[in-house]
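Asks: Counting with our numbering, you get residues 9 to 803 for the letters of the sequence shown.
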Amino acid sequence: MEARPAPFAAELDLHELFFKLRRRWTWFVAALAIAGALAWVYLQVKAPVYDFQSTLLIGDQSTGSKQAQELLQLLDSKPKGLKLEDEVGLLTSSGMMRRTLAQLPFSVSYYAEPSSWLNLVRPLQVRERAAGDMPFWVVAVPGRPQLTGVPIYVETLPGNKFRVHADAKRGQLRQLATGDLVREVADVEFDQTVAAGDTLRSPLLTVVFRPEPDQLGGSKANYFFKLNDLASLTAEYQARLKVRPTDHESRILELTTSGTVPAKETQFLNTLMATYVQDDLNQKNQVGSKTLAFLDNEINKLSGSKTRAAQDLSTFRSQNSVVDAGAQSGVGIQQQNELTATRNRLATNRRYYENMLSYLRAHRGAGSVTALSSGGIDDPATTGLIQQLSELGSQRAALIVNASEINPLVVVLDEKISTTKELLIQTLTGLVNSSTSSLRDADQQLGEVRGQLSRMPENERQLGSLRTNSEFNEKNYNYLVEKRNEAAIALATNATDKKIVDAAKQNGLGPSAPKPLLVGLLALLAGLVLPAAFVLMQDKTNRRVQSKEDLARLTGIPLLGAIPHGSDEDKQTMLHDPRSAIAEAFRAVRVNLQYLSAGLDKRVIGVTSSVPGEGKSFCTVNLAAELAQSGRRVAVLECDMRRPTLAGYFGIDRRAEHGLSTYLEGTSTLAEARSTTSIPGLDVFCCGPLPQNPTRLIESARLGELVQQLRSEYDYLLVDIPPLGYVSEFLVLLQYLDAKVYVVRQNYTDRSLVSQISEMHRDHKVKQLYLLINDVRFANTYEYRYKANAYKYGA
Numbered sequence: 009m010e011a012r013p014a015p016f017a018a019e020l021d022l023h024e025l026f027f028k029l030r031r032r033w034t035w036f037v038a039a040l041a042i043a044g045a046l047a048w049v050y051l052q053v054k055a056p057v058y059d060f061q062s063t064l065l066i067g068d069q070s071t072g073s074k075q076a077q078e079l080l081q082l083l084d085s086k087p088k089g090l091k092l093e094d095e096v097g098l099l100t101s102s103g104m105m106r107r108t109l110a111q112l113p114f115s116v117s118y119y120a121e122p123s124s125w126l127n128l129v130r131p132l133q134v135r136e137r138a139a140g141d142m143p144f145w146v147v148a149v150p151g152r153p154q155l156t157g158v159p160i161y162v163e164t165l166p167g168n169k170f171r172v173h174a175d176a177k178r179g180q181l182r183q184l185a186t187g188d189l190v191r192e193v194a195d196v197e198f199d200q201t202v203a204a205g206d207t208l209r210s211p212l213l214t215v216v217f218r219p220e221p222d223q224l225g226g227s228k229a230n231y232f233f234k235l236n237d238l239a240s241l242t243a244e245y246q247a248r249l250k251v252r253p254t255d256h257e258s259r260i261l262e263l264t265t266s267g268t269v270p271a272k273e274t275q276f277l278n279t280l281m282a283t284y285v286q287d288d289l290n291q292k293n294q295v296g297s298k299t300l301a302f303l304d305n306e307i308n309k310l311s312g313s314k315t316r317a318a319q320d321l322s323t324f325r326s327q328n329s330v331v332d333a334g335a336q337s338g339v340g341i342q343q344q345n346e347l348t349a350t351r352n353r354l355a356t357n358r359r360y361y362e363n364m365l366s367y368l369r370a371h372r373g374a375g376s377v378t379a380l381s382s383g384g385i386d387d388p389a390t391t392g393l394i395q396q397l398s399e400l401g402s403q404r405a406a407l408i409v410n411a412s413e414i415n416p417l418v419v420v421l422d423e424k425i426s427t428t429k430e431l432l433i434q435t436l437t438g439l440v441n442s443s444t445s446s447l448r449d450a451d452q453q454l455g456e457v458r459g460q461l462s463r464m465p466e467n468e469r470q471l472g473s474l475r476t477n478s479e480f481n482e483k484n485y486n487y488l489v490e491k492r493n494e495a496a497i498a499l500a501t502n503a504t505d506k507k508i509v510d511a512a513k514q515n516g517l518g519p520s521a522p523k524p525l526l527v528g529l530l531a532l533l534a535g536l537v538l539p540a541a542f543v544l545m546q547d548k549t550n551r552r553v554q555s556k557e558d559l560a561r562l563t564g565i566p567l568l569g570a571i572p573h574g575s576d577e578d579k580q581t582m583l584h585d586p587r588s589a590i591a592e593a594f595r596a597v598r599v600n601l602q603y604l605s606a607g608l609d610k611r612v613i614g615v616t617s618s619v620p621g622e623g624k625s626f627c628t629v630n631l632a633a634e635l636a637q638s639g640r641r642v643a644v645l646e647c648d649m650r651r652p653t654l655a656g657y658f659g660i661d662r663r664a665e666h667g668l669s670t671y672l673e674g675t676s677t678l679a680e681a682r683s684t685t686s687i688p689g690l691d692v693f694c695c696g697p698l699p700q701n702p703t704r705l706i707e708s709a710r711l712g713e714l715v716q717q718l719r720s721e722y723d724y725l726l727v728d729i730p731p732l733g734y735v736s737e738f739l740v741l742l743q744y745l746d747a748k749v750y751v752v753r754q755n756y757t758d759r760s761l762v763s764q765i766s767e768m769h770r771d772h773k774v775k776q777l778y779l780l781i782n783d784v785r786f787a788n789t790y791e792y793r794y795k796a797n798a799y800k801y802g803a
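Below, the structure is given as structure tokens:
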């Protein structure tokens, strides 16, 4: 007979799960208390972290007058357009960080350990403070190696003195300005006293202590400081700084960072933006300064030439009494000067081309790209190539800050730079050849003009030459002076296109982490989830039978009922407490047994289990008592001769000379083996003396004869069968049994053992088999709670 699945199984499973969780309410209380305590400790120990942001405008090109910018770009061929990716790379580069942090007093970090029970064993509650919040401040002596990364404790002493001490297993001696490691230090330990304003000198530390009068006598705490080298500070702030555009098409960058000391984070962001803006302005001013220096040098050289030309003209006139020269001489000399100027320009251009060509041939690699000047080059193709090469060089320089040489983007740029250099070399080679040809033509024309002048009168020719030379120098001098004045104005009015939009400010009103509400919710969640998960894991990993649902999943054997947990002292509950829950449970078992066996002659009932200790003898005795109290004549046959226990249930002497064993051996009569009990209609055949071979006695023909005789004398014969582990004895007794009751004990019987009897039932080796679950603790289950209340009804 297969068991039918219970309706609403899923709902009952949820109810049962809730009941199991509720039964462990003390676990939840303890878990919530522990999680709450840990959350409180975390909030006390974790230093508050604050978020800060600022915004910076990146213009598209430099500002200033158009003429000024044209002049300042004379020696610079970089394109004016700016890429936000390049500017982000510059802002987050190591160089920018080092220049920014070098201006800030961050080489010393100050900390305080409040006087709290959290810091009794070890310093858990540590807070970094700004320099102004400490009773002292420290100045590291420049140029001296300092001990970095080690807490150096400071105690204020009377008389404006400080006790300085440190104790660590290892430390590092570094140059603060560069981060260079001087040496590793093992077993750091020193303790010195220094007066305020004096220099503490030791092999590991050279600093000056200054008192902060406003903070002396403040809250009680242990103070210490750490020295930081510039390299470690650069890496720390570079990792914390985030830069991104505020919008996809916007040229405004948002700078964000976070830290535990608001004053330091604000100072860092503002200084970083100011340094970035000033660097951009310095770079533009550097181009203007180069232009001014070039013009000043040319003016100085031309000033001497102009003065000498004017003196030579005046001297020649006074010595030769010449006032004017002929028109022919003047025209010839003018042509000669123009051709000379043209030749000089061609020669200068050719030397410029040759110098640039030599440089490019000597630096063909992609890694060596410097800004090439396109000033003086009239060829548009060459100017375009120079600008393209400069732009590629700028892109590579910005990219190589955060990428290696083998980065795919760097490799692509290197190929473009090499290709552009080859094209520029070919173009410059053509320009050199063209300039050489033009120079030969100019030399030929100049020779013809000089020949014509040589045939003129000497005085007229010299006068014309001197006058033209003086006018040429005067004109060039005035031109350079004018351009120098324009360059000075351009430099003075030069401005950067970078602008600070918003200074650094804190995001929100409080710290961004830790968030007390979130930590509290996580603690609440942990206090509920962890014990629930433990209960579920315990339930899933428990290999013992817990409820009738377990039996329904493991086997299809019908269930007679459930016997509640009772006192171990009272083993005859049916006799001593007939109105108890256990007594009611056995009555239900009797009714179910009669219902399931209706119309069948099931007088001989065997009771067994998987292993000893599951309560088969207890169930046998109380079921027999219930049957006897209902008016039936009942006999109990104790066939478990290895561990007999029935005598103890009925108060029979365990050392009796007669019993079932002696009857089967033929040394006792049936009357001698039979024992009457205090329950009317209930007789018991206890084991008697322990036999040497119980299996031989159970297999004997006398047992079969005894069963047949007792079947005729009694309404019910209950047989206490050895556990299923003794398979041979169980199978021998099967032939005498009309029904079999298999006892399972809650939270005791292994599920694999139940599977064994289920397999035998499925293979039809054991028929008319029923299950009985024993020792059920109703408080531990959901469904049986109602049955327990029902059993106690009317008590």
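All C-beta atoms, glycine included, are put in the ideal place defined by N, C-alpha and C. The structure presented is a predicted model; accordingly, all values stated were derived computationally and were not measured.
List the whole-angstrom C-beta distance separating Arg475 from Leu321, where the pair is believed to meet the contact cut-off of C-beta under 8 Å.
Replies: In the sequence shown, the residue the question calls residue 475 occupies position 467. In the sequence shown, the residue the question calls residue 321 occupies position 313. Yes, they are in contact, since the Cβ atoms of Arg475 and Leu321 sit about 6 Å apart, within 8 Å.
Asks: Provide the residue(s) that pair with Ile687 in DSSP beta bridges, ordered along the chain.
Replies: What you label residue 687 is simply residue 679 of the sequence shown in a count that begins at 1. Its beta-bridge partners do not exist; DSSP assigns none.
Asks: For the segment 487-506 against the segment 245-258, are there 3 or more C-beta pairs whose distance is under 8 Å?
Replies: These segments do not touch.
Asks: Per the contact definition of three or more C-beta pairs closer than 8 Å, is the segment 50-65 in contact with the segment 273-282?
Replies: Result yes; three or more Cβ-Cβ pairs closer than 8 Å.
Asks: Pull up the CB-CB distance for Ala495 and Leu300, whole angstroms please, since I reckon it's below 8 Å.
Replies: If you number the sequence shown from 1, residue 495 lands on position 487. If you number the sequence shown from 1, residue 300 lands on position 292. Indeed they touch by this definition, with Cβ atoms about 5 Å apart.
Asks: Hey, quick one: how far does the alpha helix (DSSP H) through Phe782 stretch, first residue to last?
Replies: For the purposes of this step, residue 782 is identified with residue 774 of the sequence shown, where counting begins at 1. Contrary to the premise, residue 782 reads as Asn rather than Phe in this sequence. That residue, Asn782, is in no alpha helix (DSSP H); its beta strand (DSSP E) goes 777-784.
Asks: In whole angstroms, what separates the C-alpha of Ser443 from that of Asn477?
Replies: Here the question's residue 443 lines up with position 435 in the sequence shown. Here the question's residue 477 lines up with position 469 in the sequence shown. Roughly 25 Å separates the two Cα atoms.
Asks: Identify the continuous beta strand (DSSP E) that holds Lys234 and give its terminal residues.
Replies: Within the sequence shown, the letter at position 226 stands for residue 234. That run of the beta strand (DSSP E) goes 229-235.
Asks: Taking the alpha helix (DSSP H) that Gln246 belongs to, which residues open and close that run?
Replies: In the sequence shown, counting from the first residue as 1, residue 246 sits at position 238. It spans 238-248 - the alpha helix (DSSP H) in which Gln246 sits, taken as one unbroken run.
Asks: DSSP three-state label for Ile660, please.
Replies: Position 652 of the sequence shown, counted from the first residue, corresponds to residue 660. Three-state result, Ile660: coil.
Asks: Does the segment 584-604 come close enough to the segment 715-724 to have 3 or more Cβ pairs within less than 8 Å?
Replies: No, the segment 584-604 is not in contact with the segment 715-724.
Asks: Roughly how far, in whole angstroms, is the beta-carbon of Gln764 from the beta-carbon of Leu732, given that I think they are within contact range, below 8 Å?
Replies: Counted from its first residue, the sequence shown places residue 764 at position 756. Counted from its first residue, the sequence shown places residue 732 at position 724. Sure, about 7 Å apart at Cβ, within 8 Å.
Asks: Following the continuous beta strand (DSSP E) through Gln154, name the residue where it begins and the one where it ends.
Replies: Against the sequence shown, residue 154 aligns to sequence position 146. Segment 154-156, the beta strand (DSSP E) holding Gln154.
Asks: For Ala679 and Val749, what's the separation of their Cα atoms in angstroms?
Replies: Walking along the sequence shown from the start, residue 679 turns up at place 671. Walking along the sequence shown from the start, residue 749 turns up at place 741. Taking the straight line joining both Cα atoms gives about 28 Å.
Asks: Where does Ile781 land, buried or exposed, given buried means 16+ other C-beta within 10 angstroms?
Replies: Residue 781 sits at position 773 when you count from the first residue of the sequence shown. It counts as buried.
Asks: Cα-Cα, which of Leu454, Gly472, Ala405, Thr390 is closest to Ile433?
Replies: By one-based count along the sequence shown, residue 433 stands at place 425. Comparing Cα positions, the closest option is Thr390.
Asks: In angstroms, rounded to a whole number, what distance separates the CA positions of Ile613 and Leu529?
Replies: Position 605 of the sequence shown, counting from 1, holds the residue named residue 613. Position 521 of the sequence shown, counting from 1, holds the residue named residue 529. Whole-angstrom Cα-Cα distance: 59 Å.
Asks: Determine the extent of the beta strand (DSSP E) in which His173 is found, giving its start and end residues.
Replies: Here residue 173 is taken as the residue at index 165 of the sequence shown, counted from 1. It spans 169-182 - the beta strand (DSSP E) in which His173 sits, taken as one unbroken run.
Asks: Under a three-way DSSP split, which group does Ile613 fall into?
Replies: Looking up residue 613 in the sequence shown gives position 605. Looking at Ile613 - three-state DSSP - the assignment turns out to be strand.
Asks: Specify the secondary structure class of Asp505 as computed by DSSP and reduced to three states.
Replies: Counted from its first residue, the sequence shown places residue 505 at position 497. Asp505 falls in the coil class under three-state DSSP.
Asks: Looking only at its own chain, which residues have a Cβ that is under 6 Å from the Cβ of Pro688, when we skip the five neighbours before and after it?
Replies: In the sequence shown, residue 688 corresponds to position 680, counting from 1. Counting only Cβ-Cβ distances below 6 Å, and skipping sequence neighbours, we find nothing.
Asks: Tell whether a beta-carbon distance below 7 Å holds between Thr628 and Asp728.
Replies: As a working mapping, residue 628 is identified with position 620 in the sequence shown. As a working mapping, residue 728 is identified with position 720 in the sequence shown. Their beta carbons are under 7 Å apart, which means Thr628 touches Asp728 by this criterion.
Asks: According to DSSP, which residues form a beta bridge with Lys748?
Replies: Position 740 of the sequence shown holds residue 748. According to DSSP, Lys748 bridges with Gly614, Leu777.
Asks: For Thr757, name the three-state secondary structure that DSSP assigns.
Replies: Translated into positions along the sequence shown, residue 757 becomes position 749. Coil at Thr757, not helix or strand.
Asks: Thinking just about the alpha-carbon of each residue, which of Glu197, Arg218, Asp195, Ser210 is nearest to the one in Lys169?
Replies: Residue 169 sits at position 161 when you count from the first residue of the sequence shown. Looking at the Cα atoms, Arg218 is the closest of the given residues.
Asks: Ser555 by DSSP, collapsed to three states: which one?
Replies: Position 547 of the sequence shown, counted from the first residue, corresponds to residue 555. Coil.
Asks: Are the CB atoms of Val644 and Val692 within a distance shorter than 7 Å?
Replies: Translated into the one-based positions of the sequence shown, residue 692 becomes position 684. Translated into the one-based positions of the sequence shown, residue 644 becomes position 636. Closer than 7 Å, so yes.
Asks: In chain order, which alpha helix (DSSP H) runs of at least 4 residues are fully inside the segment 712-743?
Replies: Taking only runs of at least 4 residues, the alpha helix (DSSP H) segments lying wholly in the segment 712-743 are 735-742.
Asks: Suppose only complete runs of 4+ residues qualify. What are the alpha helix (DSSP H) ranges in the segment 99-125, listed by chain order?
Replies: The segment 99-125 contains these whole alpha helix (DSSP H) runs: 102-109.
Asks: Enumerate in chain order the residues of its own chain whose CB-to-CB distance from Ala355 is below 7 Å, with the five nearest sequence positions on each side excluded.
Replies: The sequence position of residue 355 within the sequence shown is 347, counting from 1. Around Ala355: Leu447.
Asks: With Leu155 and Leu181 assumed to form a contact (beta carbons below 8 Å), what rounded beta-carbon distance in angstroms separates them?
Replies: Here residue 155 is taken as the residue at index 147 of the sequence shown, counted from 1. Here residue 181 is taken as the residue at index 173 of the sequence shown, counted from 1. Going by Cβ atoms, the distance from Leu155 to Leu181 rounds to 6 Å, so yes, they are a contact pair.
Asks: What is the rounded straight-line gap between the Cα of Ile590 and the Cα of Gly574?
Replies: Counting from one through the sequence shown, the residue named residue 590 turns up at place 582. Counting from one through the sequence shown, the residue named residue 574 turns up at place 566. Distance between the alpha carbons of Ile590 and Gly574 is about 7 Å.
Asks: Out of Gly151, Val751, Ser297, point me to the one whose CA is closest to Val553's CA.
Replies: To locate residue 553, count along the sequence shown from 1; it is residue 545. Of the candidates Gly151, Val751, Ser297, the one whose C-alpha sits nearest the C-alpha of Val553 is Val751.
Asks: If you reduce the DSSP assignment to three classes, tell me which class Ala643 lands in.
Replies: Residue numbering aside, residue 643 sits at position 635 when the sequence shown is read from its first letter. The answer is strand: DSSP assigns Ala643 an E or B state.
Asks: Could you give the distance in angstroms between the alpha-carbon of Gln343 and the alpha-carbon of Ala498?
Replies: Translated into the one-based positions of the sequence shown, residue 343 becomes position 335. Translated into the one-based positions of the sequence shown, residue 498 becomes position 490. Spanning the two alpha carbons is a distance of roughly 36 Å.
Asks: Suppose you measure from the CA of Leu29 to the CA of Val543; what does that come to, to the nearest Å?
Replies: Residue 29 sits at position 21 when you count from the first residue of the sequence shown. Residue 543 sits at position 535 when you count from the first residue of the sequence shown. Distance between the alpha carbons of Leu29 and Val543 is about 7 Å.
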